[in-house]
Amino acid sequence: MYRAKISALGCYVPPRVLTNFDLEKMVDTTNEWILERTGIRERHIADPDMATSDMAVEAARAALAQRGIEASELDAILVCTVTPDMMFPSTACLVQDRIGAKGAWGFDLIAACSSFLYGLTTAAHLVAAGSHRKVLVIGADTMSRIVDYTDRTTCVLFGDGAGAMLVEPSEDDSLGLVDFINEIDGSGGEFLKMPAGGSRLPASHETVEKRLHYVHQEGQQVFKYAVRRMYEVCRDLIERNGLTARDIGLLIPHQANARIIYATAERLGLKPEQVVVNIDRYGNTTSGTIPLATQDAIQSGRLKKGDLVLFAAVGAGFTVGASLWRWAF
Ligand code: UT7
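Encoded structure:
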């Protein structure tokens, strides 16, 4: 078994910004409500000609450039997304072709807001098995395409963005993946979903008229589950590795709501300087949040080689995940 490490990171967000004040003109909401209830000030929105693969390609190229390798050196590409360009071919295929990753294989991975963590775990195991040396995990979502901008309860929450991390074998055994917990709980599937467009409710005039191709969420149900499970999964991971909150360099959580993050941090006994929150600038970009937050942590000098990083996410499904990494670059 080889220990897997994250060796490079690249991100992309579209330039156009949608502020809370812009949303005040679109639905019955206020900047104060959004800021107080979610922590979001603004989010980036892709122009109509930009799709998920376009953002994924930008993030992939940035990660490859940082590591100084060619796309043809990749063994596999995992694209984590709930907003693929189309149902098939996979967005992984589109990205593979665009970046020229000749000889790589790959697939799309759907686990909503936990997708990126599930992608990292999968990549780490491909590397650990010794069969893969360079796996690119891309989290990319164009949430603006599946958000109903007449529904104030969901449209204020989401943004568009992408990030990519390269996973490789670690030559230094003290750096890389320490442990992870992933879990799905399908009993919560009703609370956050895009009802139509699949085999249950294929597209029809009726599904379009009923606005069933958009995100539907029972916010409070998801909120309660997320607050409880994000804490529990982090606590269990910390405890079973014989660690305490003091050992955690940074908690880099999925950014769905600042209140979920602060509640998790407080219950874990983490200080504010141990937690990354950047939801104010990006909103919830689904698969993009963890790489975007990691990039912020690196750029602001908060994350350095050797630090212990705790990633955590809860998403539609429900999906739950957390992983501990000894940061490698
Ligand atoms: O990443 C995937 C996982 N997703 C999440 O983790 C999201 C989890 N849920 C949440 O973050 C929160 O539940 C929300 C931010 C979605 C909603 O916050 P809340 O504090 O749970 O609000 P609520 O749904 O209980 O609504 C409170 C009030 C309602 O009005 P009434 O019924 O009390 O008159 C809503 O209609 O706020 C109203 N409301 C709004 N008001 C102004 C809902 N959305 C808005 C809005 N602007 N955008």
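Residue numbering for the sequence shown follows our numbering, beginning at 2 and increasing consecutively. Cβ coordinates follow ideal geometry from the N, Cα and C atoms, glycine included.
If you draw a 10 Å sphere on the C-beta of H255, you find 16 or more other C-beta atoms in it, and that means buried. The Cβ atoms of R212 and T30 do not sit closer than 8 Å to each other.
Beyond the five residues adjoining it in sequence on each side, I299 comes within less than 8 Å, by CB distance, of L10 in the same chain, given in chain order.
Taking all protein chains shown into account, H45 has 16 or more neighbouring C-beta atoms within 10 Å of its C-beta and is therefore buried.
Counting along the chain, F181 sits inside the beta strand (DSSP E) bounded by residues G177 to I185.
Each of V276, A246 and R260 was checked against the Cα of G220, and the nearest Cα belongs to R260.
A direct Cα-Cα distance of roughly 9 Å separates T143 from A163. The distance from the Cβ of L95 to that of S54 is about 4 Å, consistent with a contact at the 8 Å cut-off.
As the crow flies, the alpha-carbon of A125 is around 43 Å from that of M27.
Beta-bridge partners assigned by DSSP to E43: T20. Residue pairing by DSSP places C12 opposite G164 in a beta bridge. Assignment of beta-bridge partners to I253 by DSSP yields F312. The closest heavy atom of ligand 1 lies less than 7 Å from the beta carbon of R38. Y232 has its alpha-carbon roughly 8 Å from the corresponding atom of A266.
Beyond the five residues adjoining it in sequence on each side, A313 comes within less than 6 Å, by CB distance, of M231, C235, P254 and A323 in the same chain, given in chain order. Closest option to I41, judged by alpha-carbon separation, among D23, V157 and F89: V157. A Cβ-Cβ contact shorter than 8 Å links C114 with A257. Taking each of K305, L271 and A317 in turn and checking the Cα distance to T287, the smallest one comes out for A317. Taking 8 Å as the cut-off, the beta carbon of L19 is found no closer than this to the beta carbon of I35. By the Cβ criterion, the segment 69-81 is in contact with the segment 127-145, since at least three pairs of Cβ atoms, one from each stretch, lie closer than 8 Å. Between the segment 305-312 and the segment 240-253, the count of Cβ pairs shorter than 8 Å is three or higher; the stretches touch. A buried status is given to N21, since no fewer than 16 other beta-carbon atoms sit within 10 Å of its beta-carbon. Beta bridge pairing from DSSP links D109 with V80.
Here the alpha carbons of A204 and E210 stand approximately 10 Å from one another. The Cβ-Cβ distance between I147 and H214 falls below 8 Å. Minimum Cα-Cα distance from R4 among the listed residues E169, A141, V58 and L121 corresponds to E169. For the pair M166 and A64, the CB atoms are nearer than the 8 Å cut-off.
Leaving aside the five residues that flank D186 on each side, the residues in its chain whose CB is nearer than 6 Å to its CB run, in chain order, F319.
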